[in-house]
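Colleague: I'd like to ask some things about the structure below.
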Amino acid sequence: MFVILGLSDSKPEITKSNDFLNCPNCNNQRFWNLIHERTHFSLFFLPVFPIKEKYYKACPVCNYGQELSKTDYYYLLNKSK
Ligand SMILES: [Zn+2]
């Protein structure tokens, strides 16, 4: 019997924040996106459980991003609802 194990990246969750920021990379002022990326441990190509999570805020124009802590991400996410 074959068992296929692996890692898979799920589609990142992107939320528009209400943080109006000046991008240091492209100098545009925009509402930045909040991005939540997950890597799952997978079995037969099906994600089983998340093993790595990353949080970012990123410029919607040039995708310049800054990594956030989980706490900061959820703080900004709740503020944006
Ligand atoms: Zn930018």
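Residue 920 is where the sequence shown starts when you use our numbering, and the numbers rise one by one after that. Virtual Cβ for every residue (Gly too), placed ideally from N, Cα, C. Values in this document were obtained by computation on a predicted structure and should not be read as measured data.
From GLY925 to ARG949, what does the alpha carbon distance come to, in whole angstroms?
Modeller: Near 37 Å, if we compare the C-alpha coordinates of ARG949 and GLY925.
Colleague: For ligand 1, list every residue whose C-beta falls under 6 Å from any of its heavy atoms, going in chain order.
Modeller: Cβ atoms closer than 6 Å to ligand 1 belong to CYS942, ASN944, CYS945, ASN947, CYS978, VAL980, CYS981, TYR983.
Colleague: Judging by CA-CA distance, which residue of SER961, GLU932, ASP938, ASN982 is the nearest neighbour of ILE970?
Modeller: Measuring from the Cα of ILE970, the nearest candidate turns out to be SER961.
Colleague: Enumerate in chain order the residues of its own chain whose CB-to-CB distance from GLU986 is below 8 Å, with the five nearest sequence positions on each side excluded.
Modeller: Excluding sequence neighbours, GLU986 sits near LYS973, TYR974, TYR975.
Colleague: For the region 958-996, list the beta strand (DSSP E) runs that are entirely contained and at least 3 residues long, ordered along the chain.
Modeller: Correct list: 965-977, 984-987.
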